[in-house]
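Here's the structure we're looking at; comments come further down.
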Amino acid sequence: MTKFLNIIIILVASLNVYSQKDFMNESQKEKDMRMKWWQDATFGMFIHWGLYAIPAGEYNGKGGGAEWIMETHKIPTSEYEKFAAQFNPQKFNAREWVQTAKNAGMRYLVITSKHHDGFCLWDSKYTDYDVMDATPFKRDILKELSDACKKEGIVFGMYHSIMDWHHPDAKSKDYPHQSKTNPDFDNYRENYLKPQLKELVENYDPAILWFDGEWIPEWTEVQGKDLYNFVRNLKPSIIINNRVGKGRGGMQGMNKYKNAAGDFGTPEQEILEVFSKEYWESCITLNNSWGYSKEDQNWKSPQTIINTLVDISAKGGNLLLNVGPKADGSIPVESVKNLEEVGKWLKINQEAIFKTTAIPHFKEGDNLRFSQTQDNKYVYAIANNNITNELVIQSIKPLKGSTIHLIGTDRTLDWSWSKKKLKIQLPDNLPSRNGFAVKIEGISIGKGYSVSSAPVTVKHKAALAAVTYTTPPSDMYGSDKKNALTDGKLGTKKYDDGYWLGWFGHDIEAVIDLKKTKAVNHFTLHCLQNTNAWIVYPKSLTWWGSTDNIIWDQITHFETNASASHHGEMTQSFEYKTETKNKYRYIKVKAASYGTLPDGHQGAGNKAWVFADEIIVR
924 MTKFLNIIII LVASLNVYSQ KDFMNESQKE KDMRMKWWQD ATFGMFIHWG
974 LYAIPAGEYN GKGGGAEWIM ETHKIPTSEY EKFAAQFNPQ KFNAREWVQT
1024 AKNAGMRYLV ITSKHHDGFC LWDSKYTDYD VMDATPFKRD ILKELSDACK
1074 KEGIVFGMYH SIMDWHHPDA KSKDYPHQSK TNPDFDNYRE NYLKPQLKEL
1124 VENYDPAILW FDGEWIPEWT EVQGKDLYNF VRNLKPSIII NNRVGKGRGG
1174 MQGMNKYKNA AGDFGTPEQE ILEVFSKEYW ESCITLNNSW GYSKEDQNWK
1224 SPQTIINTLV DISAKGGNLL LNVGPKADGS IPVESVKNLE EVGKWLKINQ
1274 EAIFKTTAIP HFKEGDNLRF SQTQDNKYVY AIANNNITNE LVIQSIKPLK
1324 GSTIHLIGTD RTLDWSWSKK KLKIQLPDNL PSRNGFAVKI EGISIGKGYS
1374 VSSAPVTVKH KAALAAVTYT TPPSDMYGSD KKNALTDGKL GTKKYDDGYW
1424 LGWFGHDIEA VIDLKKTKAV NHFTLHCLQN TNAWIVYPKS LTWWGSTDNI
1474 IWDQITHFET NASASHHGEM TQSFEYKTET KNKYRYIKVK AASYGTLPDG
1524 HQGAGNKAWV FADEIIVR
């Protein structure tokens, strides 16, 4: 009988495994429908809170660490556990926290259910190292927050660390540095990590699961996809970030390759330089720390936060802005005060931020950003407080008879269009000191930059020629993938102007069809280097010519002598000229990427970008 029952159990388990849906095959339409509320929400609150709030960035008289203090100061597990007995946040009030987020104009909230230190903010049946069993507080923090969010109409989400410095099967043998693999990690993953996630999804119904700590050597993309499917099968509508797998490309946070696990990119303390069609969310701190640090008083001003939100929204992203509550359960006064100012601005200008869509021509100069209504009928121009009296826009042309509204008021503004410039007269008393927005019925006509920084026009025989790629460029850059490299324009250093195309960790390989056979002897690839954005010149260039796109003659191969460790922002045309002209219809170019950035570079160990904006043939 026992043997028979075991067979039945195995069969049931097998059927359960095979019944699991593979959500990695979700269609783009299905994903867009699932992600719509999140993209419309735009602005969320991140909360880093745990035992690390007790030392508050200081241990044994030495500063540093905040939420990483256990690792920073090499605190033994037995010593760090003692903080649990001190965790008694009597000022914690879930409704006040959620109200702070709501007053700031935030639409969703993500809190650390478990950070890298392994301490759990809920009553888990898989460990006693949690708020109910190990602390005198004995209140289910996640339950209170989840309930408060539902009551106030704020969407509830959770951060959960894949890495765990407390669990013996998760931390490496040379703890606290996770540089060596733990042979028992599979046991941690299957019998602790997954069961706890099931517990969280079923008991607290989060709409978002925000993973972190995926850089440990035990974790793989295969495991990430498995965990992604595990969670999506528990709740198909849930949204999961790309740190569930290995797809994240450093702090820039966007995927390094296609079909990576996760629903959105996660730039950390950074903002994408350009508009992106991909889903992404910048997570940014209000000061310099994620967890509470009593020494960190470098608070971002309301104006800085508003400008950050506007910039991110204009590029199609979300802002997840972090607060680090104190050990007593209160959010620092400075955080609350600054968020209130942001909320006042959003109450006036929310129409230009929420439920809008981004456009490739998202900016003009430093003080102006654009968004548009989801029906594409109206453009919003959002200005910071550096603009007064008259707003001049070169990128938007109003339709004839258009009425321009000052958002947050019932005012219409006088305007004129002459010499390809829109001039809008502003009132003396704008609705907010932190910037304003206007709504225009019109069309985008430019690239979002002033004439002085526009790309330079060049004439050559490949202008307007058709281009095909062996390896396609990233969707993140360039508004015209078909013609950008042969549009007859050389881009400037502003690689976010829509002209440049970028390849991440890949060589550029392109074939140009000149439409008819032409005599040529001059070949140029115009490239960009911006080491702050991990963009470096190609390592080498190879050119070929063909009359039939089948048999190819190598024209030249040369090393560029560019250095991937050279810091700076510049453009260069890499040229080659033969003594005599040869007749070709097809030209092929390969620009070899440096691959991995070298030591000494701020992105060392990560893949390098190669950027080009024009293939010139004469």
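In my numbering, the protein residues as written are 924 to 1541. Beta carbons are placed, not taken as given, at the ideal position from N, Cα and C, and that holds for glycine.
Contact set for residue i: own chain, Cβ-Cβ below 6 Å, skip 5 residues either direction
i	result
Asp1135	Ser1084 and Arg1166
Pro1106	none
Ser1496	Thr1447 and His1449
Lys1048	none
Ile1305	Val1233, Ala1275, Arg1292 and Ala1360
Presumed contact (8 Å Cβ cut-off) between residue i and residue j, rounded CB distance
i	j	result
Val1443	Val1540	5 Å
Trp1133	Met1081	7 Å
Lys1439	Arg1508	6 Å
Gln1317	Lys1346	Not quite, the Cβ-Cβ distance comes to about 10 Å (not below 8 Å), so this is no contact.
Tyr1499	Trp1466	6 Å
Val1033	Phe969	5 Å
Ile1330	Trp1268	Not a contact, Cβ separation roughly 11 Å.
Trp972	Thr1035	6 Å
Ala989	Tyr975	6 Å
Lys1217	Tyr1301	No, Lys1217 and Tyr1301 are not in contact; Cβ-Cβ is about 47 Å, not under 8 Å.
Pro1225	Asn1309	With 8 Å as the limit, Pro1225 and Asn1309 do not qualify as a contact, their Cβ atoms being about 15 Å apart.
Gly1411	Ala1386	4 Å
Exposure of residue i, with buried meaning 16 or more beta-carbon neighbours within 10 Å
i	result
Arg1292	buried
Glu1537	buried
Met993	buried
Arg1453	The question names Arg, but residue 1453 in the sequence shown is Asn. Classification of Asn1453: buried, given that the 10 Å Cβ count is 16 or more.
Met924	Here the model assigns Met924 a pLDDT of 43, short of 50, so the residue's position is not dependable and the matter cannot be decided.
Val1533	buried
Tyr982	buried
Asp1040	buried
Ser1375	With a pLDDT of 30 at Ser1375, under the threshold of 50, the modelled position of this residue cannot be trusted, and the question is left open.
Thr1023	buried
Ala1531	buried
Ser1001	exposed
Thr1104	exposed
His1480	exposed
Trp1138	exposed
Gly1324	exposed
Ile1473	exposed
Arg1030	buried
Residues bridged to residue i (per DSSP)
i	result
Asn1178	Arg1171
Ser1469	Tyr1509
His1089	In the DSSP output, where bridge partners are listed per residue, His1089 has none listed.
Lys1412	Thr1380
Gly1188	Trp1203
Arg1356	Answer is none; Arg1356 lacks a bridge partner.
Ser1496	His1449
Asp1053	Cys1043
Ala967	Correcting the residue type first, residue 967 is Gly in the shown sequence and not Ala. Gly967 pairs with Tyr1031 and Leu1243.
Member of the options whose CA lies at the smallest distance from the CA of residue i
i	options	result
Tyr1127	Ile1228, Leu1157 and His1383	Leu1157
Asp963	Tyr982, Thr1279, Tyr975 and Ile1139	Thr1279
Phe1010	Asp1063, Asp1251, Thr1326 and Asn1309	Asp1251
Gln1273	Thr1104, Gln1013, Met1174 and Ala1027	Ala1027
Gly1172	Pro1159, Trp1203 and Leu1150	Trp1203
Val1265	Ser1069, Lys1382, Trp1088 and Lys1025	Lys1025
Val1340	Ser1355, Val1315, Phe1359 and Pro1354	Looking at the sequence provided, one finds Trp at residue 1340 rather than Val. Of the candidates Ser1355, Val1315, Phe1359 and Pro1354, the one whose C-alpha sits nearest the C-alpha of Trp1340 is Val1315.
Ile1510	Ser1496, Thr1394 and Val1390	Val1390
Pro1140	Lys1320, Asn1152, Leu1232 and Lys1094	Lys1094
Thr1393	Pro1159, Ala1515 and Ile1319	Ala1515
Gln943	Asp1219, Lys997 and Asn1152	Asn1152
Pro1118	Trp1142, Ala1485, Lys1074 and Thr1050	Thr1050
Lys1249	Gly1239, Gly1214 and Ile1282	Gly1214
Lys1506	Glu1482, Asp1337, Ser1469 and Ser1355	Ser1469
Nonlocal neighbours in the same chain, by C-beta distance under 7 Å from residue i, ignoring five residues either side
i	result
Asn1312	Leu1349
Trp1222	Leu1209, Asn1210, Glu1257 and Asn1261
Ala1407	Gly1401, Tyr1422, Leu1424 and Asp1536
Arg1018	Ala1071
Val1154	Leu1120, Val1124, Leu1132, Ile1161 and Ile1163
Gln1206	The amino acid at residue 1206 is misidentified as Gln; the sequence shows Cys. Within the same chain, Cys1206 has close Cβ partners Phe969, Thr1189, Glu1191, Leu1243 and Asn1245.
Lys1320	Trp1340, Leu1345, Gly1365, Ile1366 and Ile1368
Asn1110	Asp1092
Test: residue i CB closer than 7 Å to a CB of chain D
i	result
Tyr1499	The displayed structure is made up of one protein chain only, and chain D is not part of it.
Sequence-distant residues of the same chain with beta carbon closer than 8 Å to residue i, five excluded per side
i	result
Leu1044	Trp972, Gly973, Ile1034, Thr1035, Ser1036, Lys1037, Asp1053, Val1054, Ile1064 and Leu1065
Gly1170	Glu1144, Gly1147, Asn1178, Lys1179, Tyr1180, Ala1183, Ala1184 and Gly1185
Val1259	Thr1023
Gln1297	Lys1278, Thr1279 and Thr1280
heavy atom of the ligand FAD below 6 Å from residue i C-beta
i	result
Leu1322	Ligands displayed in this structure: none; no statement on the ligand FAD is therefore possible.
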